[in-house]
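What follows is a set of notes on a single structure, which appears directly below.
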Amino acid sequence: MESVLHFPVEASFNVDIVRHIARLARLRLTDADVNAMVHDLGSIVSHLDRLRALNVDGVAPLAHPLPIVNRLDPDDPSPSLPIESVMRNAPSVEGPFIAVPKVLAEGGSS
Amino acid sequence: MTRHADPPADPARATIAHLRGAIAQRSLSAVEAVRACLERIAALNPAINAFREVYADEALSRAAAIDARLSKGERVGLLAGVPIAIKDNIACTLGTTAAGSQFLAGYDSPFDATAVARLLEEGAIILGRTNCDEFAMGSSTEYCAFGPVRNPHAADRVPGGSSGGSAAAVAAGMCPAALGSDTGGSVRQPAAFCGVTGLKPSYGRVSRWGLVAFASSLDQIGPITRSVEDAAILLDAISGRDGLDATCADLGPSRAAAALAHAPDAPLRVGVARQHCSNDNHPAVAAALGRAIECCRTAGASIVEVDLPLTDYGIATYYILAAAEASSNLARYDGIRFGRRAALDPGETLIDLYERSRSEGFGPEVRRRIMLGTYVLSAGYADQYYHRALKVRRLIKEEFDRAFARCDVILGPTAPTPAWKMGEKHDPLSMYLADVYTVNANIAGLCAISLPAGWADVDGARLPVGVQLQGQSMNDESLLCAAAALESGLMASGL
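Those protein sequence lines, which keep their order, are chains A and B. To convert, count from 1 in the first sequence and add 1059; that's the working numbering. To convert, count from 1 in the second sequence and add 1; that's the working numbering.
Structure follows, in structure tokens:
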């Protein structure tokens, strides 16, 4: 498990931040990609910073434009997707299973 | 409402209203309608690249079946025989659903999106799927992994995005209508750039089941058509509650086509915001807006000044929220159950598989937005970006609520400029800033429509310019009525 890195709030976008975010996002970036990201994201984030000019004290967050609360459906069983139709998109299949690389290291720890 | 029984002279360029009438009256066969589209696609698509896949055999076979039922006097649906294209990020069991991405190249969807299933129930014919920016992230369709799409009005210019293929297909006469999706303007802006009509329904009006998720609180499927009436017909077909989408409003389908037949009860109040009349707007955009305002006045509407000072904060709010939601939604593309899986070298681990599959499968704009979204959600930054943007979202919505207390619809430009040249906006931020007039409708969940309203003469090219009407959430029928009135006025003024 990666440690959580804390950067000062005012840190400008730099290579370390980009590499940390790429690890979180499960993306692999070349050195050229990293430099391009520093430039692009730095410029975009400067624009995003303009929201600091707004006073949002006491304003409740709005995560969703519609005032819907959890809508529950009746607990009626219905057919699932046929397994074949799902498995045909799997990259690697062994019998009824999707084959994946080893998840756990020897001894059972990750 | 128009009533047509005579066959259209050019079925591929006809409206849905005309086509379905002619097919139902049997003055035109569904097979002839499909053949006309297929011929136009064969002639024009190699240069424009609007379509990634064309389902010629299935479309002709389905058309023949509909003609057979009509010949026996059997009941057929309201869209029987009408060929429609669908954007690559809308699931369909025909062909493959790739969302413009190499990651999903070859993906065989096990189900149809609800919107597609409803079109099929009404007898529509799915003609093929159109190219789009990868995972709907883009404003130019230059980020499509299967090649860019070209604007039918000028081959060196973008058609807009992300639904550029859908808009180009309709504008070029390859099909009467197409479905697109709109998260920050991706139906309306390409409609404006290509000179056709594009509707973003209110958030929750149309089921998102089967729409490849980009930003779940912002995405909506919407029709791109040749007329407001056609947009109303398609909205009626695809809208309404869906047990498969918990974010879909608990309402029946819209009755917009019927609403268009009735005159409004009271003269319309059309709001115009000075924040939409920026000096940075292209002169042709300003002129089109001026013409639209005049048309409203001539039709008896009153023009009301409304104040939307948060307009310029929409881009920052949108790109924080959309990128954050995208980073979460695109976590499912891990190379395990479907999509691209990288071939691992000996000694490489599961984490290597995730990282390599994603980095090989995703293009530069998708990687950029995933990075941005991960950043604004990460420890130490979530408060100042994501949580702050959620609060600004509420402020933007409340600002629109105050405006709509004084007007029925808000009229403004769809985009600050006409279509730009391919490759011109290589700086990501400059492309984001072009969405200034469209993102706020997604942030607030409003309905909004772009109509053709003028032309720009730029570097020897004659480019379409659109105007946008925005309406309150769930007022889609009223919005379409206002749009139809404006459309008549603009055509009468010699558009």
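Idealized CB from N, CA, C, for every residue including glycine. Nothing here was measured: the structure is a model prediction, and the numbers come from that model.
Roughly how many whole angstroms lie between the Cα atoms of residue i and residue j?
i: B/Thr439; j: B/Glu326; result: 18 Å
i: A/Ser1062; j: B/Val393; result: Since pLDDT at A/Ser1062 reaches only 41, below the 50 mark, its modelled position is unreliable, and the value read off the structure follows with that caveat. Distance between the alpha carbons of A/Ser1062 and B/Val393: 31 Å.
i: B/Asp428; j: B/Arg338; result: 35 Å
i: B/Ala170; j: A/Asp1090; result: 39 Å
i: A/Ser1168; j: A/Pro1160; result: Residue placement at A/Ser1168 cannot be trusted, given a pLDDT of 45 that sits under 50; the coordinates are not used to answer.
i: B/Asp436; j: B/Gly241; result: 28 Å
i: B/Asp157; j: B/Ala43; result: 20 Å
i: B/Asp281; j: B/Pro417; result: 7 Å
i: B/Asp134; j: B/Gly165; result: 8 Å
i: B/Val305; j: B/Ser228; result: 26 Å
i: B/Ala233; j: B/Ser479; result: 11 Å
i: B/Gly205; j: B/Ala259; result: 21 Å
i: B/Leu464; j: B/Ser163; result: 18 Å
i: B/Ala324; j: B/Ile371; result: 6 Å
i: B/Lys398; j: B/Leu252; result: 21 Å
i: B/Asn476; j: B/Asn50; result: 35 Å
i: B/Leu309; j: A/Ser1151; result: 53 Å
i: B/Ala493; j: B/Leu290; result: 16 Å
i: A/Gly1166; j: B/Glu349; result: Legend: pLDDT at A/Gly1166 = 49, less than 50; position of this residue unreliable, value from coordinates given subsequently. Each residue's Cα considered, the two are about 18 Å apart.
i: B/Asn441; j: B/Cys176; result: 30 Å
i: B/Asp109; j: B/Tyr320; result: 31 Å
i: B/Trp210; j: B/Asp113; result: 9 Å
i: A/Val1162; j: B/Asp335; result: 14 Å
i: B/Arg403; j: B/Gln473; result: 11 Å
Quick check on the DSSP output: the beta strand (DSSP E) that includes residue i runs from which residue to which?
i: B/Ala463; result: In the sequence as presented, Ala is not what sits at residue 463 of chain B; that position holds Arg. Residues Ala462 to Gly472.
i: B/Glu400; result: It is not in any beta strand (DSSP E) - B/Glu400 instead sits in the alpha helix (DSSP H) that spans Arg389 to Phe405.
i: B/Glu306; result: Ser303 to Val307
i: B/Ile87; result: Pro84 to Lys88
i: B/Pro414; result: Val410 to Pro414
i: B/Glu54; result: Phe52 to Val55
Name the DSSP bridge partner or partners of residue i?
i: B/Trp456; result: B/Pro465
i: B/Gln221; result: B/Asp183
i: B/Thr198; result: B/Thr226
i: B/Lys422; result: B/Arg158
i: B/Arg270; result: B/Ser303
i: B/Leu212; result: B/Ile91
i: A/Ile1157; result: A/Val1152
i: B/Ser62; result: Partner(s): none; B/Ser62 has no beta bridge.
i: B/Asn280; result: In the DSSP output, where bridge partners are listed per residue, B/Asn280 has none listed.
i: B/Asn152; result: B/Ala155
State yes or no: is the C-beta of residue i within less than 9 Å of the C-beta of residue j?
i: B/Leu200; j: B/Ile85; result: no
i: B/Ala100; j: B/Val207; result: no
i: B/Ala23; j: B/Ala6; result: yes
i: B/Thr198; j: B/Leu412; result: no
i: B/Thr131; j: B/Arg53; result: yes
i: B/Ser218; j: B/Leu236; result: no
i: B/Ser303; j: B/Leu378; result: no
i: B/Glu40; j: B/Ala13; result: yes
i: B/Tyr56; j: B/Leu121; result: no
i: B/Gly272; j: B/Val83; result: no
i: B/Ala317; j: A/His1106; result: yes
i: A/Leu1088; j: B/Arg368; result: yes
i: B/Pro153; j: B/Ala172; result: yes
i: B/Ile225; j: B/Val188; result: yes
So residue i packs on residue j, CB below 8 Å; how close in whole Å?
i: B/Ser140; j: B/Met423; result: About 13 Å separates the two Cβ atoms, so there is no contact after all.
i: B/Arg292; j: B/Phe104; result: About 44 Å; that fails the 8 Å criterion.
i: B/Thr509; j: B/Gln190; result: Limits of chain B in this structure are 2 at one end and 496 at the other, which puts residue 509 of chain B out of reach.
i: A/Leu1125; j: B/Ala250; result: 6 Å
i: B/Ala178; j: B/Asp231; result: 6 Å
i: B/Ile450; j: B/Ala484; result: 5 Å
i: B/Cys195; j: B/Gly161; result: 7 Å
i: B/Arg395; j: A/Ala1119; result: 6 Å
i: B/Ala262; j: B/Ala486; result: B/Ala262 to B/Ala486, Cβ: 13 Å. No contact.
Let's see if you can read the secondary structure: which residues bound the alpha helix (DSSP H) around residue i?
i: B/Arg130; result: It is not in any alpha helix (DSSP H) - B/Arg130 instead sits in the beta strand (DSSP E) that spans Ile126 to Thr131.
i: A/Leu1107; result: Asp1090 to Leu1107
i: B/Ile17; result: Ile17 to Ala25
i: B/Pro365; result: Pro365 to Leu378
i: B/Pro47; result: Ala31 to Ile49
i: A/His1079; result: Val1074 to Leu1083
i: B/Val148; result: In the sequence as displayed, the identity of residue 148 of chain B is Gly instead of Val. Element bounds for B/Gly148: n/a, residue is neither H nor E.
i: B/Asn330; result: Gly315 to Asn330
i: B/Pro482; result: Checking the displayed sequence, the identity of residue 482 of chain B turns out to be Cys instead of Pro. That run of the alpha helix (DSSP H) goes Asp477 to Ala493.
i: B/Leu121; result: Thr115 to Glu122
i: B/Leu354; result: Leu351 to Gly362
i: A/Ser1144; result: Ile1142 to Met1146
i: B/Tyr433; result: Pro429 to Leu434
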